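Mapping to numbering that gives the first Met the number 0: the sequence shown position 137 is 136, numbers consecutive.
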Amino acid sequence: MKIRWWFGIVILFFVGCKQEVQKTDWQITDLQIVPRPKQIALGKGYFELNEKTCLRYNSFSEEIRIADNLTKAIEEKTLWTIRSADAARQNVICFALDSLSDIPAEGYRLAITPEKVEFKAKTSAGLFYGLQTFLQLLADTSLYDTKEQLWRLPVLRIEDEPAFAYRGMHLDVSRHFYPVEFIYKYLDLMSYYKFNTFHWHLTDAGGWRLEIRQYPGLVEKGAWRTQEDWRKWWVGGDRKYALKDDPGAYGGYYTEKEIRNIVAYAAERHITVIPEIEMPGHSEEVLHAYPELGCSGDISDSGEFCAGKEETFAFIEKVLTTVMELFPSEYIHIGGDEASKKHWRKCRYCQERIKKEHLKDEAELQSYFIQRVGKFIHSKGRKLIGWDEILEGGLAEDAIVMSWRGEKGGITAAKSGHDVIMTPGEYCYFDAYQADPVTQPYAIGGFTPYLKVYSYNPVPPELNVQEARHILGAQANVWTEYIATPEHVEYMVFPRMLALSEVLWTPRGKKDSADFKRRVATHIQWLKKRGVCVFELSDRIDMQAEVDTVRKQINVTFGNEKYRPEIRYTVDGTLPDQNSALYTTPVVIRDSGRIKAALFEGGKRSGYISSARFDYHRAIGKPVVYHTNYSGAYPAAGAGTLTDGYRGGLTYHDGCWQGFLKHIDVTIDMGENMDLGYVSVKFMQLTGPGVYMPRYVKVSVSEDGNHFREVGKVVNDIPDDRPELCFKDFTLHFKEHARYIRLFALKQKGFMFADEIVIY
Numbered sequence: 000m001k002i003r004w005w006f007g008i009v010i011l012f013f014v015g016c017k018q019e020v021q022k023t024d025w026q027i028t029d030l031q032i033v034p035r036p037k038q039i040a041l042g043k044g045y046f047e048l049n050e051k052t053c054l055r056y057n058s059f060s061e062e063i064r065i066a067d068n069l070t071k072a073i074e075e076k077t078l079w080t081i082r083s084a085d086a087a088r089q090n091v092i093c094f095a096l097d098s099l100s101d102i103p104a105e106g107y108r109l110a111i112t113p114e115k116v117e118f119k120a121k122t123s124a125g126l127f128y129g130l131q132t133f134l135q136l137l138a139d140t141s142l143y144d145t146k147e148q149l150w151r152l153p154v155l156r157i158e159d160e161p162a163f164a165y166r167g168m169h170l171d172v173s174r175h176f177y178p179v180e181f182i183y184k185y186l187d188l189m190s191y192y193k194f195n196t197f198h199w200h201l202t203d204a205g206g207w208r209l210e211i212r213q214y215p216g217l218v219e220k221g222a223w224r225t226q227e228d229w230r231k232w233w234v235g236g237d238r239k240y241a242l243k244d245d246p247g248a249y250g251g252y253y254t255e256k257e258i259r260n261i262v263a264y265a266a267e268r269h270i271t272v273i274p275e276i277e278m279p280g281h282s283e284e285v286l287h288a289y290p291e292l293g294c295s296g297d298i299s300d301s302g303e304f305c306a307g308k309e310e311t312f313a314f315i316e317k318v319l320t321t322v323m324e325l326f327p328s329e330y331i332h333i334g335g336d337e338a339s340k341k342h343w344r345k346c347r348y349c350q351e352r353i354k355k356e357h358l359k360d361e362a363e364l365q366s367y368f369i370q371r372v373g374k375f376i377h378s379k380g381r382k383l384i385g386w387d388e389i390l391e392g393g394l395a396e397d398a399i400v401m402s403w404r405g406e407k408g409g410i411t412a413a414k415s416g417h418d419v420i421m422t423p424g425e426y427c428y429f430d431a432y433q434a435d436p437v438t439q440p441y442a443i444g445g446f447t448p449y450l451k452v453y454s455y456n457p458v459p460p461e462l463n464v465q466e467a468r469h470i471l472g473a474q475a476n477v478w479t480e481y482i483a484t485p486e487h488v489e490y491m492v493f494p495r496m497l498a499l500s501e502v503l504w505t506p507r508g509k510k511d512s513a514d515f516k517r518r519v520a521t522h523i524q525w526l527k528k529r530g531v532c533v534f535e536l537s538d539r540i541d542m543q544a545e546v547d548t549v550r551k552q553i554n555v556t557f558g559n560e561k562y563r564p565e566i567r568y569t570v571d572g573t574l575p576d577q578n579s580a581l582y583t584t585p586v587v588i589r590d591s592g593r594i595k596a597a598l599f600e601g602g603k604r605s606g607y608i609s610s611a612r613f614d615y616h617r618a619i620g621k622p623v624v625y626h627t628n629y630s631g632a633y634p635a636a637g638a639g640t641l642t643d644g645y646r647g648g649l650t651y652h653d654g655c656w657q658g659f660l661k662h663i664d665v666t667i668d669m670g671e672n673m674d675l676g677y678v679s680v681k682f683m684q685l686t687g688p689g690v691y692m693p694r695y696v697k698v699s700v701s702e703d704g705n706h707f708r709e710v711g712k713v714v715n716d717i718p719d720d721r722p723e724l725c726f727k728d729f730t731l732h733f734k735e736h737a738r739y740i741r742l743f744a745l746k747q748k749g750f751m752f753a754d755e756i757v758i759y
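Now the structure itself:
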């Protein structure tokens with residue numbers, strides 16, 4: 000086994016550790032294991048791991064390998080020489096594989112008594128995962144006595160197994176290329192947290208990343224581009240490719256030898272590598288190298304293979320044959336998403352194919368394409384995986400659906416008898432922001448903090464018991480348009496990877512978000528000491544509103560990602576200090592108020608100030624008439640959204656932002672004529688996914704609902720090319736007596752999102 004970064008994480012606390020531990024009784028809350036095991040029972044006393052401790056194992060190769068791993072991990076950081084002793088009964092660590100055991104395939108048993116440590120498993124994978132748990136015990140500073148230089152490990156018994164069979168991490172190496180050494184490090188970190196599948200996104204417009212000797216042009220012409228910066232190259236650039244030695248060329252690829260080594264390295268850590276070769280869309284780099292694989296006519300803006308030419312399928316079959324020689328995985332991912340099909344409509348070859356195969360349209364042509372490739376993959380003894388678009392038009396029986404556009408595709412697939420891997424963007428896209436965007440490097444959008452990841456349940460409630468068996472597990476996707484370096488990948492992945500590891504390994508009933516926050520705080524320090532560029536949790540105070548229409552008030556609950564934070568706040572607009580109110584119970588807002596809150600430690604503010612306005616305004620609960628409909632994709636709470644009292648947060652996925660593809664034109668009925676003087680509505684802009692401010696917002700009022708008079712208009716002043724997430728309150732002050740208020744927002748382009756129309 001190659002020894003790289005992995006073992007160093009085990010004993011990383013030695014540097015600068017001065018703690019002396021005499022503790023001999025422990026609670027479950029003293030342990031720092033992630034993911035949390037299925038069952039832990041603590042006893043009394045401890046096992047002393049010292050320089051005289053020996054190992055006992057049988058001649059099975061995996062027992063020898065695991066014992067050797069543990070030996071090297073300890074010897075790297077001590078002066079000990081760990082020996083094996085077949086007859087040892089005291090002060091011994093034992094490894095036992097039993098193929099006849101009733102322990103589940105990836106499960107293990109770990110028993111620590113005062114006399115010995117004993118690992119048991121049915122498979123080598125189970126033994127490996129047991130070792131990861133033990134290594135985390137060794138990494139715990141509270142269990143190491145620096146004075147005597149030994150560990151005191153609590154007497155315990157762990158019975159453990161994963162909740163889901165598929166536990167995946169993805170990495171896009173097309174948009175940005177990462178060196179081989181980083182791929183090894185990524186796999187090490189995955190194995191430490193018991194992930195078993197690496198989804199390697201190897202091809203896309205950003206660059207072709209694997210050597211195919213039959214088609215050298217793929218790497219010669221398709222692996223380098225003219226710009227490193229994705230925004231300059233793809234969003235606002237010419238999207239041109241380059242040769243390796245061209246000035247400014249950016250890119251790279253993995254050789255066949257490097258890929259074989261990576262696959263073997265992953266296998267030693269019980270990780271399966273699933274390659275993704277995109278088709279029929281997302282293939283601009285292929286068409287640059289081999290334009291004859293594109294449709295007839297001008298394909299300068301095309302990313303789709305021609306589905307009508309036989310040479311397309313000959314190319315794909317040869318490429319996939321090489322891919323399957325390099326990757327022994329049961330599954331081969333072929334993408335299948337976001338094919339525009341516009342060139343197929345004009346292509347004579349595609350239209351001939353539609354006619355010949357008696358297909359209805361271009362949508363059925365895509366189904367033909369996917370099914371034909373799927374049959375070829377099946378003929379080689381493998382199974383096809385694709386993004387949920389592959390559902391359109393029917394699937395081969397053994398095809399696997401990866402549900403990314405929410406859970407709908409996964410639900411449909413499971414109900415149809417197909418296996419599913421859940422990876423919805425709302426919970427599993429780690430390219431989204433994990434804190435207030437103002438404080439973070441530029442990202443594609445969204446807001447997915449680690450506790451939101453932790454809250455995810457991969458099994459939708461819409462599925463019955465039989466259908467739920469088709470949910471194999473879930474996966475985090477790391478798309479790298481705006482993640483250019485290995486350090487930035489780590490920053491976006493950690494600690495969110497830890498949250499997903501517990502989602503996929505730990506039984507849902509055993510999860511505890513408060514206890515997880517405690518353990519994450521420890522693991523962040525471990526990872527930092529080992530050189531991982533980890534996100535150190537947000538100082539942001541999350542303020543959640545509960546609108547109480549009976550008492551006519553808003554109850555505001557505070558939260559923060561850190562463990563047991565001290566939060567102080569004000570409601571009068573002043574900045575919080577050490578003398579401000581300490582948060583213990585929900586804050587009550589009647590009428591309106593701006594809350595300012597911050598974290599404090601040792602009497603001093605330790606983070607930035609979070610601020611949010613809450614209004615129990617006069618329109619709460621009032622009916623809204625929509626003259627233009629909101630988007631069915633982003634309905635929020637439906638027709639009552641704009642007057643329910645709930646304000647939107649940092650992402651339009653939070654259920655408070657209502658989306659519109661047309662102009663917004665709504666009328667609010669206040670119930671009776673009254674004096675009115677204030678209307679305000681907030682919009683967001685995030686240009687990456689196509690969310691923009693309105694050109695202007697106009698407000699009119701009426702006594703009878705028929706005759707309206709305009710009271711004012713606010714013109715947008717935020718440029719539509721500003722890429723960062725931003726918000727704007729469109730606010731009007733006036734003096735009118737009316738019952739009806741009509742608000743009109745003129746669409747600029749893309750989507751508009753509004754959260755609440757505040758009226759006084």
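Ideal Cβ placement from N, Cα and C applies to all residues, glycine included. Because the structure is a prediction, the values reported are computed rather than measured.
C-alpha gap between residue i and residue j, whole angstroms
i	j	result
Val-20	Cys-532	In this prediction, Val-20 scores a pLDDT of 49, lower than 50, which makes its location untrustworthy; the coordinate-derived value is nonetheless stated afterwards. So the alpha carbons of these two residues sit roughly 29 Å apart.
Ser-58	Thr-584	60 Å
Ala-313	Arg-371	11 Å
Tyr-380	Glu-329	In the sequence on display, residue 380 carries Gly and not Tyr. Computed Cα separation, rounded: 8 Å.
Asp-754	Ile-182	42 Å
Gly-393	Asp-187	38 Å
Gly-639	Asp-614	16 Å
Gln-543	Tyr-677	24 Å
Arg-495	Phe-429	7 Å
Val-690	Gly-592	28 Å
Gln-38	Glu-158	5 Å
Lys-516	Glu-560	7 Å
Lys-355	Thr-311	17 Å
Ser-579	Thr-569	6 Å
Gln-31	Asp-101	28 Å
Ala-86	Ala-265	34 Å
Arg-230	Thr-80	54 Å
Coil, strand or helix - residue i by DSSP
i	result
Phe-534	coil
Pro-274	strand
Val-322	helix
Phe-761	Residue 761 falls outside the range modelled here, since the chain spans only 0 to 759, and no answer is possible.
Arg-765	This structure does not reach residue 765, given that the chain is present from 0 up to 759, and the question cannot be answered.
Glu-391	coil
Glu-709	strand
C-beta contact flag for residue i and residue j at 8 Å
i	j	result
Pro-448	Ala-467	no
Phe-839	Phe-682	As displayed, the chain neither begins before 0 nor continues past 759, which places residue 839 out of reach and without an answer.
Arg-151	Tyr-253	no
Leu-41	Leu-217	no
Pro-622	Asp-668	yes
Leu-201	Ile-315	no
Gly-221	Phe-176	no
Tyr-695	Val-680	no
Val-780	Tyr-607	This structure gives no information on residue 780, because the portion of the chain shown stretches from 0 to 759.
Pro-274	Val-234	no
Ala-72	Leu-134	yes
Beta-bridge partners of residue i, as assigned by DSSP
i	result
Arg-82	Cys-53
Thr-730	Ser-679
Arg-741	Thr-666 and Ser-699
Asp-97	BP columns for Asp-97 are empty, so no partner.
Pro-153	Tyr-45
His-736	Asp-674
Leu-170	Trp-199
Asn-476	Tyr-428
(request) Please go through the stretch 24 to 66 and give each complete beta strand (DSSP E) segment of 3 or more residues, from N-terminal end onward. (result) Whole beta strand (DSSP E) segments, 3+ residues: 38 to 48 and 53 to 56.
(message) Runs of 4 residues minimum, wholly inside the stretch 177 to 261: which ones carry the alpha helix (DSSP H) assignment?
(response) 179 to 191 and 216 to 219
(message) Runs of 4 residues minimum, wholly inside the stretch 542 to 622: which ones carry the alpha helix (DSSP H) assignment?
(response) none
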